[in-house]
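Just so we're on the same page, my numbering is the position in the sequence shown counted from 1, plus 23.
Structure, as structure tokens:
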Amino acid sequence: MNNRCLTIGYSPCPNDTYIFYGLAHGKVRGNGWTPAPEILADVETLNSWALAGRLDITKLSFHALGHVLDDYVLLRAGAALGHGCGPLLVAGHRMDSVDLQHKTIAVPGRLTTAAMLLRLYAPECRQTVAMRFDEIMPSIKAGKVDAGVIIHESRFTFAQHGLVQLRDLGAWWEECSGHPIPLGGIAVRRSLGSALIGQVEEAVRASVRWAAAQPAACMGYVRQHAQEMDDQVMREHIALYVNHYSEELGTDGLAAVRFFLQKGREVGVLPPARPQTALCLDEDSCCA
24 MNNRCLTIGY SPCPNDTYIF YGLAHGKVRG NGWTPAPEIL ADVETLNSWA
74 LAGRLDITKL SFHALGHVLD DYVLLRAGAA LGHGCGPLLV AGHRMDSVDL
124 QHKTIAVPGR LTTAAMLLRL YAPECRQTVA MRFDEIMPSI KAGKVDAGVI
174 IHESRFTFAQ HGLVQLRDLG AWWEECSGHP IPLGGIAVRR SLGSALIGQV
224 EEAVRASVRW AAAQPAACMG YVRQHAQEMD DQVMREHIAL YVNHYSEELG
274 TDGLAAVRFF LQKGREVGVL PPARPQTALC LDEDSCCA
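Here's what the structure looks like:
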């Protein structure tokens, strides 16, 4: 039987390229399927493509996942979820919450987890501007926006740009919810069916394990797409976002995702849940 070729997309961020190196370069092989040449795009582009159903396998924000569960199922492997790794709300100077609600705040895309965390943290802050994550700090410095929610490597470099932290939204989430921060995960088209989806999940998990066993082998690929990022920042990025949840979400990881989606539905950011549409493969009866 010929292997089915599946389209796959993820971000150029170090955690994604590190995780997917083995799969993208034939170190790990899928059972019954092969990946098409990988498509790398920023997370908000991937989110919008998920809404359009463009890719078979895609990285996406958990915020975006809440909009596409009719068409995609979440894998238990490949996720970015953890402690002390959430988005930061930053500005050029200190300001209190009263001032903040009248300010223009940049978010790294309307469908990002960062945007939803800001909505949950400060629902009165409605003057938001969506832009690429790497444009947020320069826009604050240039006075185009008053504040911004930063993600990825910006967490490590905002002070070098003369910015100050107003709130760690990830820490706020952990304090309020008691759950780790669910940032993004890997979703697969439901129409592929349970058997093939399970094979994709095992291949992604094997790629995570391959990277953990041979991290140095991944770094050339990581560096190639890291947008001139310093090697130390690259390593810190991987250490922060790749952890045991990346290999297996487990009970607590899935509970965090479910709680996050529930909060989004409660405030009207996400559509209501459909009872027959399950989150993950092993509880899903909708994949033929």
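All C-beta atoms in this analysis are idealised placements derived from N, C-alpha and C, irrespective of residue type, glycine included.
These numbers were taken from a predicted model, which means no experiment stands behind them.
- DSSP places Cys-241 in the helix class (H, G or I) of the three-state scheme.
- The residue from Gly-207, Gly-166, Arg-142 and Asp-254 with its alpha-carbon nearest to that of Lys-82 is Gly-207.
- With a cutoff of 7 angstroms on beta-carbon distance, Ile-80 and Leu-29 are scored as near each other.
- Within its own chain, no residue has a Cβ closer than 7 angstroms to the Cβ of Asp-254 once the five positions on either side in sequence are excluded.
- Residue state for Cys-108 is assigned as coil, using DSSP reduced to three classes.
- The beta carbon of Glu-270 sits closer than 7 angstroms to those of Ala-100, Arg-228, Val-231 and Arg-232, all from its chain and outside the five residues before and after it, given in chain order.
- Comparing alpha-carbon positions, the option among Pro-37, Arg-27 and Ile-31 lying closest to Ile-261 turns out to be Pro-37.
- Judged by DSSP in its simplified three-state form, Leu-92 adopts coil rather than helix or strand.
- For Leu-206, the uninterrupted beta strand (DSSP E) run begins and ends at 204-212, by DSSP.
- In the DSSP assignment, Thr-180 falls within the alpha helix (DSSP H) that extends over 177-180.
- Annotated as proximal: Ala-47 and Glu-61, with beta-carbon spacing under 7 angstroms.
- When C-alpha distances from Arg-52 are compared across Ala-145, Tyr-95, Arg-27 and Trp-72, the shortest belongs to Arg-27.
- Residues Met-160 and Lys-164 of the same chain have their beta carbon placed closer than 7 angstroms to that of His-184, with the five preceding and five following residues left out of the count.
- Residues of the same chain with a CB within less than 8 angstroms of the CB of Pro-205, apart from the 5 flanking positions on each side, are Phe-85, Ala-102, Leu-104, Thr-136, Gly-276, Ala-279, Val-280 and Phe-283 in chain order.
- Judged by DSSP secondary structure, Ile-128 falls outside any alpha helix (DSSP H) and instead within the beta strand (DSSP E) spanning 128-130.
- Here the C-alpha atom of Lys-50 lies approximately 26 angstroms from the C-alpha atom of Arg-213.
- Each residue's CA atom was taken as its position, placing Asn-54 and Ala-226 some 8 angstroms apart.
- Judged by beta-carbon spacing, Thr-127 lies beyond the 7 angstroms limit of Val-172, meaning their Cβ atoms are not closer than that value.
- The alpha carbon of Glu-197 has as its nearest neighbour, out of Arg-288, Cys-108 and Val-265, the alpha carbon of Cys-108.
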